[in-house]
Amino acid sequence: MRESAVVAERSGAAESVHAVLVLEAGVDPSEVIVQANRKLERHQQIRHVSEWPSQSLPRTEGTRKLKRGDVRLWLGNRTRPNTLESQGALASILARFAPGRSLTGETSLDDLTLSSLDRVELMTSLEQRFEMVLPEALFQTASTVADLDRLVSTAQFSVPGTSADLPDWPWSPWARFVRRVSLPTLILPLARLFIRLQVQGLDSLPGHRTVCVFAANHQSHLDGPAILLALPARFRYRLAPAMAREFFDAQAPFQRFQKAMLFGLASLFFGAFPIAKGGTGTREALRHAGTLADKGCSILIFPEGRMTDAGELSRFHPGAALLAAKLRVPLVLVHIEGLHRILHKTSRWPRRGKASVQFGIMIHAEGRDPDQITAELESALQRMREERAGTQTDPP
């Protein structure tokens, strides 16, 4: 990219960010915006992009200051369609998510009150109908119906997205064999050296061969091993924990190597797979989770998205409910207590201590709103925590 300018573009009473780019030959403008938006908060994200028609942006003679007024004037003088270019097909798709609504190009997507699951299904429907790959980061730049129309009808937006590169090898026969041998002989005995574990609520678990999503509060890097210790064999060897993709990001060469090694070990010995925070990568994670579910694997996810400092509960994100609803499998709540005292998130080495894992309510999420389910999970987990505090401070 040679040059860029960012200006505010007004549409009625609303303003959005519009980027004007001068690019090298062969550079995809939409990919530039996707990369930029990954580093921006949602309210800061670039909503529109245009390529400047000449080799340089307009600047003053002496100080070479950008003439933003000329850029805005050029944007304002461009002819734009007043109707949706793909109105029939797009309107038909949107009608399923906004029944009875009269939609125009200026209709805000926020006004449609789409749930997390609705947004995923809308993206999937657009891809199938228009035979395109729509990157999530690019979809999130759309704020109006007209923006969606441009995404599917304008060549500079209709580009293949990057996959999440989620590996399949951790569930290959040889990797399963390694896990089947290493868990009972190495990983779990090592965890028992430090964790004196009390397990409750095993009768809450679904029956044999049932695939489900486990949603647990997050206290420590030992949460995964502790849950594996607590689970019966029918789940223990068919559990795929979700891990934060951002944890494995690194810039320095040695750190990249170190993180790659950790990623490989977590994938091999725990069957873990990465999931990105902040909403990006949701569909890729759903697709991968669906593949795992087809293989008979249950999913472990930590809806808080981060480890707590002192065992307190943080707000749940709807990822677990979204997964369960999309996969049409039961959702099982898991309450963890005491692991932050054994291996705090700032500690390098664990110390021996008491902890508990309690399995709680099982929810059937199919057909329900993920946000409502998430609120129900939060309330149930808080009740479990309060009930435990009312009986004893630590497990015996």
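In our numbering, the protein residues as written are 1 to 396.
We put the CB at the ideal spot given by N, CA and C, even for glycine.
Values in this document were obtained by computation on a predicted structure and should not be read as measured data.
Check                                                                                                                                               : Outcome
Alpha carbon to alpha carbon, what distance is there between Leu381 and Ser356?                                                                     : 14 Å
Going by the DSSP bridge assignment, what does Glu51 pair with across the sheet?                                                                    : Leu21
For Val178 and Trp171, what's the separation of their Cα atoms in angstroms?                                                                        : 10 Å
Mapping the DSSP letters down to three states, classify Lys295 as helix, strand or coil.                                                            : coil
How would you write the range of the alpha helix (DSSP H) that Lys326 sits in, first residue to last?                                               : Gly319 to Leu327
Do you know whose CA, among Ala191, Thr374 and His208, lies nearest Ala233's CA?                                                                    : His208
Quick check: what's the CA-CA separation for Leu57 versus Ser4?                                                                                     : 8 Å
Alpha carbon to alpha carbon, how far is Val7 from Gly76? Give it in angstroms, no decimals.                                                        : 12 Å
Provide the residue span of the beta strand (DSSP E) that contains Lys354, from first to last.                                                      : Gly353 to His364
Looking at the unbroken alpha helix (DSSP H) that takes in Phe269, where does it start and where does it end?                                       : Pro253 to Phe270
Suppose only complete runs of 4+ residues qualify. What are the alpha helix (DSSP H) ranges in the stretch 98-128, listed by chain order?           : none
Whose CA, out of Ser102, Ala365 and Gln35, lies closest to the CA of Cys212?                                                                        : Ala365
Go through its chain and collect everything with a Cβ distance to Leu183's Cβ below 8 Å, but skip five positions before and after it.               : Leu228, Arg236, Tyr237 and Phe269
With a threshold of 8 Å, are at least 3 pairs of Cβ atoms found where one atom belongs to the stretch 117-126 and the other to the stretch 282-293? : yes
Give me the Cβ distance between Gly311 and His340, rounded to the nearest whole Å; I'm assuming they're in contact under 8 Å.                       : 5 Å
Going by beta-carbon coordinates alone, are Pro220 and Lys345 separated by less than 8 Å?                                                           : Before going on, a small fix: residue 220 reads as Ser here, not Pro. Yes, the pair counts as a contact, with Cβ atoms nearer than the cut-off.
Could you please give the first and the last residue of the uninterrupted alpha helix (DSSP H) stretch that includes His340?                        : Leu339 to Ile342
Since Phe273 sits in a beta bridge, which residues does DSSP pair it with?                                                                          : Ala242
Suppose you measure from the CA of Gly290 to the CA of Ser204; what does that come to, to the nearest Å?                                            : 23 Å
Let me confirm a value: Pro53 is counted as buried when at least 16 other C-beta atoms fall within 10 Å, else exposed. Which label applies?         : exposed
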